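Here is the structure we will look at, set down as structure tokens.
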Amino acid sequence: MDIITPLQQPKNWLAESILVTLLCCLPFGIVGIVNAASVSSKFASGDYEGSLRASQEAAKWTKIGFWVGIGVIALYFLFFVVLGVGGFIAASSR
Amino acid sequence: MKMLKTNKKKVILILLLCIVVACIYFVFDPVTNKYFPGCIFYKLTGLFCPGCGTQRSLHSLLTGNIIAAVHANILLVFCLPFLMVYYAIQTINFIRPLTNIKINIVNQVWFIYLCALVVVYYWIARNVPVLEAGFLAPH
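Protein chains in written order, with the working numbering: chain L, 96 to 189; chain C, 599 to 737.
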């Protein structure tokens, strides 16, 4: 018995893009959503290679958005830690 | 086989991270606590982005105040159940690959464009002042 496995659509990163848009406050999520549309439309028109490329592009932008978001949070935290330590030193040296 | 193992670690890590983040937002209020990051887009432009109010919204949701959560960011409150169902199904598919529940709607082009439109319209609508302050703006 032959089992024909149909080509699966590459991951389109839609949910991840929406999460990045909502959680990271950045326009990169919108780029991700637009790329998600391109993954699906290319796959629907039979352009598997193109949809694979679009999937990688969507993944790239979603990840950029994610890491920039994490970076901002880290910087914010660092800023307050430095401020706190600085304030402590200033207070104790007085 | 090895790939599956690293994926497994990744999934467990992400789940743990979600629990930790939920605990942080349950215990601390982003409004009174200065350690929570603010929105860069808002700081740079003075305009609200689709994600503004998400932290307040999460805290309100976790502490059971749905009305305050809706006031902070209605899009998040609306999207969160769908995202949770989506990721729950993905997790089930991952744990038991034989079930392989398909969610076809996320692959529909019209649906993706609808999502993009909703986000962009929400972005614009938040910054349009109706009755003094924008009615969708976080407050």
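The beta carbon of each residue, even a glycine, is placed where N, CA and C say it ideally should be. Only a predicted model underlies this, so the values are computations on that prediction, with no experimental measurement involved.
Once the 5 residues before and after residue i are set aside, which same chain residues still bring their CB inside 8 Å of it?
i, result
"residue 697 of chain C", "690, 691"
"residue 640 of chain C", "646, 647, 650"
How would you label residue i, buried or exposed, when you count the other beta carbons within 10 angstroms and need 16 or more for buried?
i, result
"residue 599 of chain C", "Residue placement at residue 599 of chain C is poorly supported in this model, since its pLDDT is 47, which falls under 50; the coordinates are not used for a value here."
"residue 628 of chain C", "buried"
"residue 654 of chain C", "buried"
"residue 550 of chain C", "Chain C is shown only over 599 to 737; residue 550 of chain C falls outside these bounds and no answer can be derived."
"residue 172 of chain L", "exposed"
"residue 153 of chain L", "buried"
"residue 185 of chain L", "exposed"
"residue 591 of chain C", "Residue 591 of chain C lies beyond the range of chain C shown here (599 to 737); nothing can be said about it."
"residue 125 of chain L", "buried"
"residue 721 of chain C", "buried"
"residue 616 of chain C", "exposed"
"residue 105 of chain L", "buried"
"residue 180 of chain L", "exposed"
"residue 40 of chain L", "Residue 40 of chain L lies beyond the range of chain L shown here (96 to 189); nothing can be said about it."
"residue 693 of chain C", "exposed"
Could you give the C-beta distance for residue i and residue j, rounded to a whole number, given that I count them as a contact under 8 Å?
i, j, result
"residue 670 of chain C", "residue 651 of chain C", "4 Å"
"residue 102 of chain L", "residue 143 of chain L", "6 Å"
"residue 167 of chain L", "residue 635 of chain C", "6 Å"
"residue 109 of chain L", "residue 704 of chain C", "5 Å"
I'd like to confirm something about residue i: is its beta-carbon nearer than 8 Å to some heavy atom of the ligand COA, or not?
i, result
"residue 620 of chain C", "The ligand content of the structure shown is nil, which means the ligand COA is not present either."
Sorted by chain position, which residues of the same chain lie with C-beta nearer than 7 Å to residue i's C-beta, five sequence neighbours on each side aside?
i, result
"residue 149 of chain L", "130, 133, 134, 137"
"residue 803 of chain C", "The structure shown has nothing for residue 803 of chain C, since chain C only spans 599 to 737."
"residue 668 of chain C", "675"
"residue 213 of chain L", "What is shown of chain L runs 96 to 189, which leaves residue 213 of chain L out entirely."
"residue 673 of chain C", "648, 720"
"residue 637 of chain C", "647, 649, 650"
What does a CB cutoff of less than 6 Å around residue i pick up in its chain, not counting 5 residues either side in sequence?
i, result
"residue 735 of chain C", "646, 724"
"residue 660 of chain C", "623, 624"
"residue 717 of chain C", "648"
"residue 633 of chain C", "none"
"residue 157 of chain L", "108, 111, 112, 115, 127"
Taking 8 Å as the threshold, find out whether the stretch 717-730 of chain C comes into contact with the stretch 133-145 of chain L through three or more Cβ pairs. The stretch 717-730 of chain C and the stretch 133-145 of chain L do not touch, with fewer than 3 CB-CB distances between them shorter than 8 Å.
Considering only residues of the stretch 618-670 of chain C, which uninterrupted alpha helix (DSSP H) runs meet the minimum length of 4 residues and lie entirely inside it, listed in chain order? The stretch 618-670 of chain C contains these whole alpha helix (DSSP H) runs: 638-643, 652-660, 664-670.
Three CB pairs or more closer than 8 Å across the stretch 111-129 of chain L and the stretch 675-688 of chain C: A contact exists between the stretch 111-129 of chain L and the stretch 675-688 of chain C.
Cβ contact check for the stretch 637-651 of chain C and the stretch 614-628 of chain C: 3 or more pairs under 8 Å: No contact exists between the stretch 637-651 of chain C and the stretch 614-628 of chain C.
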